[in-house]
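At position 95 of the sequence shown (counting the first as 1) the number is 94 in numbering that gives the first Met the number 0, and the numbers step up by one without a gap. So the structure is just underneath, and the comments pick up after that.
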Amino acid sequence: MKISIIGSGNIGSALVGGLLRDHTFDIQSITLADMNQQALASFASQGIRTTSDNKEAVSSTDMIILCVKPYLVRDVIEEIYEKISEKTLIVSFAAGITLNQLNLFAGKRPIYRVIPNTAMSVNQSMTCIASSNTDSTQDQLIINFFNRVGKTLMVDESLMNAATVLASCGTAFALRYLRAAMTAGVEIGFRPEVAETMVAQTMLGAAALLESGNHPEEEIDKVTTPKGITIKGLNALEHAGFSSAVIQGVLASYKVLDV
């Protein structure tokens, strides 16, 4: 399957980076397009076909992935419209651009609205997908493709804005906790790079524990003993408004999209 990726910014680069890390994927099937040739240079040196011509990029392609800013989506689709067939899969990463809008721009084609996050670059994205004019075979193809760069979940489009906040903005929220814990680690005696390693691995381990199917509170209870140091810290966090701050942060981001 030939794949055309338009846009080599942060999210486009993350996708290509993840595909390069997945050594079972045929990178010869990718064409990466961007006006900025300098941005393409590092990918070209790794065997990715690159071009500054969007029309050239989508010629005879099977799937087009739009990794451009939302305000550019319509212009890019109009630019390439005559070069794509009715069977070409259109995938949009643009936050806030609905399936109805994509149908209006691209016509009645199989269309996917996809919200990944930058952890695609390390094959650990949480990618949420909604679709229009697609069948089960196409859906499975898309799921298999994005499973190469993390975990994939098909969701109703009504939840896509919520998915954007929880799984995409959520990366920044999680890293802000890491930075805060790292700073505290320095205060209690560790060098910054050591504190970063410790907190990052602890976060990875905490996430992995949930693969057992346990609720987070079950795992918290396992390390929270009466009069212990963990409950003391947890209560201090809650007294400072930790859970409330996280909830308010998620809701604040969601309100920006829910207009």
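Using N, Cα and C, we set each Cβ at its ideal position, and we do this for glycine too. Small disclaimer: the values here were computed from a predicted structure and weren't measured.
Which residues mark the beginning and the end of the alpha helix (DSSP H) in which residue i is found?
i	result
methionine 159	159-162
threonine 136	135-146
isoleucine 76	72-79
alanine 154	First, the residue type needs correcting, since residue 154 is valine and not alanine in the sequence shown. Segment: none, valine 154 is in no alpha helix (DSSP H) and carries neither H nor E.
glutamine 247	241-256
leucine 165	Neither: leucine 165 is in no alpha helix (DSSP H) and is coded neither H nor E.
asparagine 45	Correcting the residue type first, residue 45 is glutamine in the shown sequence and not asparagine. Per DSSP, glutamine 45 belongs to no alpha helix (DSSP H) and is neither H nor E.
glutamine 100	98-105
DSSP has residue i in a bridge; who is on the other side?
i	result
valine 113	Ile128
arginine 20	BP columns for arginine 20 are empty, so no partner.
alanine 32	Ile5 and Thr50
leucine 65	Ile5 and Ser91
lysine 150	Met125
Which residue from the options puts its Cα closest to that of residue i?
i	options	result
asparagine 35	Leu18, Ser59 and Ser12	Ser12
glycine 106	Thr117, Arg175 and Ile83	Ile83
isoleucine 246	Ala94, Asn234, Phe172 and Leu71	Phe172
alanine 194	Met202, Ala206, Ala207 and Ala180	Ala180
isoleucine 29	Ile10, Val57, Gln45 and Ser3	Ser3
glycine 95	Met119, Val67, Lys86 and Val15	Val67
serine 124	Tyr111, Ile142, Thr151 and Asn102	Thr151
asparagine 122	Phe42, Phe144 and Leu88	Phe144
isoleucine 10	Gln37, Asn53 and Ser91	Ser91
aspartate 155	Thr229, Ser131, Ser242 and His238	Ser131
asparagine 116	Cys127, Val255 and Ile110	Cys127
alanine 118	Tyr70, Val148 and Phe104	Val148
leucine 19	Met0, Ala43, Gln37 and Ala38	Ala43
cysteine 168	Phe189, Gly248 and Ile228	Gly248
Hey, does residue i have any beta-carbon neighbour from chain C nearer than 9 Å?
i	result
threonine 224	Checking the listed chains, one finds no chain C in this structure; it contains a single protein chain.
What's the C-alpha gap between residue i and residue j?
i	j	result
glycine 212	isoleucine 79	45 Å
leucine 31	serine 7	7 Å
valine 113	arginine 175	24 Å
threonine 60	isoleucine 26	14 Å
leucine 65	valine 255	22 Å
leucine 161	leucine 250	Note on identity: in this sequence residue 161 is alanine, with leucine being the wrong assignment. Their backbone Cα atoms lie some 9 Å apart in a straight line.
Next item on the list: Jot down the residue ranges of each uninterrupted alpha helix (DSSP H) in the region 172-236, minimum 4 residues, whole runs only, in chain order.
Entry: Runs found: 191-208 and 215-221.
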